[in-house]
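What follows is one structure encoded as C-alpha cells, with my remarks underneath.
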Amino acid sequence: MTINKKTIDGGWLARPCPEVASELIGCTLVRRLADGQIIRGAIVETEAYQEGDPACHGSRRRTPSNEAMFGPPGTIYVYLIYGMYNCLNISSDRADFASGVLIRALQLEKIPPGLEEKAKQGDRLAAGPGKLCLALQIDRSLNGQQLTVNETLWLEHRTPEFQQSLDNGENTIIQTTRIGISLGKDLPWRWYLANCPAVSRKGDKGDKRT
DNA sequence: ATCGTGATACAC
DNA sequence: TGTATCACGATT
C-alpha cells in the first residue's frame, strides 16, 4: 500500500484535545461519498471537550450515545442536536478517556454536490457545525467509525504554504471561549482563523492570538 | 429574542 | 411514565 504522509493518523491525535484542536486549524477534512465524490475543506474553527470539563458530553456517564468520545484517537463522534442538526467530533487523547475536537467550520474548496442552489452563501456553506455536516452529508451513521484514508472521512496535515502563512503573520489563529454552552464557559478552548469568512462567529474583544 | 425539532438522561 | 435540556441555525 501507499503511505500518504499527508494523512493525519491516530498517533498525531493521541494528545490532549486542546493541543489537537488548535493544531487542526488549517488542516483539511476530506469526505468521500458513497458514489465516490470527494468534498474537501480547510478547518477554520474548532473546540475542545474532555472529561472533567462540565460541557463535555462524556463528563458524567459513559452511555451508548457518548461512547464514541471514549474511543481511541481518530474515532468519529457524531451527535444530533436540537432535533435537526448533526455535529462532528474527532476523538483524541486515549481510549477510555472522553476527549475530542468539535469541528465547527470549514472553508470548502468548492460547492459540494447537492448545494448548488445555496451557492450564494459562498464561503459560509460550512460555517457552523450543523451546516458543516449538511454540506459534507455527515450523519450519525458515521458515529463510532474510525477515520480512514480514502474511505468515508479523513484528515490531512497543514500544507507547507499554510504553515508559512502562520509563521510570517499573514494568517493568525485566535483562541477564545466556546460558543453555545451553559457550563464550562470560562475555558478558552475555541480556536479560529482570524479574518476568515467561513468562521461561524467572530470573537469578542478579549480574544487572544496564539 | 424566538422558535423548530427529537433524542436522551434522569426524575418520579 | 414525564420533562428539562441541548457543543444549532434562520429569522425577526
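With our numbering as the guide, the letters of the first sequence map in order to residues -3 to 206.
Ideal Cβ positions, reconstructed from N, Cα and C, are used throughout, including at glycine.
- At the C-beta level, residue 138 and residue 122 stay beyond 9 Å of one another.
- According to the DSSP secondary-structure assignment, residue 150 is paired through a beta bridge with 26.
- Setting aside the 5 residues that flank it on each side, residue 93 is surrounded in the same chain by 46, 47 and 66, each with a C-beta closer than 8 Å to its C-beta; the list follows chain order.
- Per DSSP, the unbroken alpha helix (DSSP H) holding residue 18 starts and ends at 13 to 20.
- At a Cβ-Cβ threshold of 9 Å, residue 102 and residue 38 count as neighbours.
- For residue 64, same chain residues with a beta-carbon under 7 Å away, outside a window of 5 residues either side, are 71, 72, 73, 87, 139 and 140 in chain order.
- Under DSSP, the beta-bridge partners assigned to residue 187 are 42 and 171.
- Secondary structure note for residue 51: it is in no beta strand (DSSP E), with a DSSP letter that is neither H nor E.
- In this structure, DSSP gives residue 192 a state outside helix and strand, which the three-state scheme calls coil.
- Looking at the backbone, the Cα of residue 32 and that of residue 175 are separated by about 34 Å.
- Around the beta carbon of residue 57, a 10 Å sphere encloses fewer than 16 other beta carbons of the protein chains shown; the residue is thus reported as exposed.
- Under DSSP, the beta-bridge partners assigned to residue 71 are 142.
- Non-local beta-carbon contacts of residue 49 in its own chain, meaning distances under 7 Å to residues more than five positions away in sequence, involve 55, 180 and 183 in chain order.
- In terms of Cβ geometry, residue 171 and residue 18 form a close pair [threshold 9 Å].
- Cβ-Cβ separation between residue 195 and residue 41: approximately 5 Å, consistent with a contact (criterion under 8 Å).
- Secondary structure at residue 120: helix, using DSSP grouped into helix, strand and coil.
- Residue state for residue 6 is assigned as helix, using DSSP reduced to three classes.
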